[in-house]
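Following: one structure in structure tokens, then a few remarks.
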Amino acid sequence: MEQRLTSEQLTQIVREVEHLSLQQQDELSKAEVGEILQELGLSPLLLEEAMVQIQRREALERQRRQQKQILIGTIAVAACFFSIES
3 MEQRLTSEQL TQIVREVEHL SLQQQDELSK AEVGEILQEL GLSPLLLEEA MVQIQRREAL
63 ERQRRQQKQI LIGTIAVAAC FFSIES
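Start counting the sequence shown at 3; every next residue gets the next number (our numbering).
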């Protein structure tokens, strides 16, 4: 049985396919990045290590943001607690 779509669903599908297409165009394969590195006179052998380092930095930044949010929340709760006690 053929599934029928509403015009709203069609609009959502078109938007999503467009988004995925743009995302795919923005991404390069490892082979393409390796070629670019070679053209720049850089060693493509360091590509994997560079990618790991970038992922580590991103994870560290996420962790710092989380810790900052927790600290702000803790301070807000403590401030509320002390204002109620006063």
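Quick reminder that beta carbons are idealized off the backbone N, C-alpha and C, glycines included. All values reported here derive from a predicted model rather than from experimental measurement.
Own chain residues within Cβ distance below 6 Å of residue 40, not counting five before or after: To locate residue 40, count along the sequence shown from 1; it is residue 38. Same-chain partners within the cutoff: 46.
Beta-carbon spacing of residue 22, residue 35 below 9 Å: For this step, residue 22 is matched to residue 20 along the sequence shown. For this step, residue 35 is matched to residue 33 along the sequence shown. Against a cut-off of 9 Å, the Cβ pair of residue 35 and residue 22 comes out as no contact.
Residue 70 to residue 62 span [Cα, whole Å]: In the sequence shown, residue 70 corresponds to position 68, counting from 1. In the sequence shown, residue 62 corresponds to position 60, counting from 1. If you draw a straight line from the Cα of residue 70 to the Cα of residue 62, it is about 12 Å long.
Secondary structure of residue 34, DSSP reduced to three states: For the purposes of this step, residue 34 is identified with residue 32 of the sequence shown, where counting begins at 1. If DSSP states are grouped into helix, strand and coil, residue 34 belongs with the helices.
Local conformation of residue 4 per DSSP, three classes: Here residue 4 refers to the residue found at position 2 when the sequence shown is read from its first residue. Here residue 4 sits in coil by DSSP.
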